[in-house]
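Structure, as structure tokens:
In the numbering used here, the protein residues as written are 311 to 441.
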């Protein structure tokens with residue numbers, strides 16, 4: 311009673327359409343992350359793309375040409391931008407000392423201004439209370 315020639319054409323066609331929709335979802339997520347251009351808060355990674363597109367990594371790797379290669383290119387571009395962001399400006403000891411002195415002067419100025427404003431505030435509150 312087993313059908314020796316099952317007609318699976320519709321099933322195969324449906325699965326291909328599902329795969330195509332998933333591929334489009336992955337490419338849309340990749341485009342979204344690329345447009346956000348924020349490697350720190352929205353990194354481009356295979357895991358992040360899989361999570362946002364609701365697909366497995368196995369699905370990604372089954373479409374090497376169509377999905378993995380564009381993702382790897384986007385990751386390379388992002389890593390180049392990240393290297394530029396993370397380069398720190400180096401200071402010499404002398405310039406660090408000058409910066410510290412400048413900041414200390416600024417702190418004392420702000421403390422003086424703060425005390426003056428507190429005094430003025432107290433005077434104004436006194437005048438307001440006497441009315």
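The beta-carbon is built from N, C-alpha and C at its ideal position, and this holds for glycine as well. Computed from a prediction, not measured in an experiment: that's the story for all the values here.
Status (buried if at least 16 other CB within 10 Å, exposed otherwise) for residue 363 = Burial call: buried.
inquiry  = Using 8 Å as the threshold, is the C-beta distance between residue 381 and residue 356 below it?
reply    = If you check the CB distance, residue 381 and residue 356 come in under 8 Å.
query = What number of angstroms, rounded off, separates the C-alpha of residue 263 from the C-alpha of residue 340?
reply = The question about residue 263 has no answer here: the residues shown for the chain are numbered 311 through 441.
query = Can you check whether the CB of residue 354 is closer than 8 Å to the CB of residue 344?
reply = Cβ atoms of residue 344 and residue 354: closer than 8 Å.
query = When you compare only the Cα positions, how much space is there between residue 437 and residue 348?
reply = Using only the alpha carbons, I get a separation of about 53 Å.
Range of the contiguous alpha helix (DSSP H) that encloses residue 443 = Nothing about residue 443 can be read from this structure; the chain reaches only from 311 to 441.
request  = Could you name the residues of the same chain whose beta carbon sits closer than 6 Å to that of residue 388, not counting the 5 residues immediately before and after it, in chain order?
outcome  = If we look at residue 388 and ignore the five residues flanking it on each side, its Cβ neighbours are 349, 354.
query = Beta-carbon separation of residue 332 and residue 365 under 8 Å?
reply = Yes; because the gap between Cβ atoms is below 8 Å, this pair is in contact.
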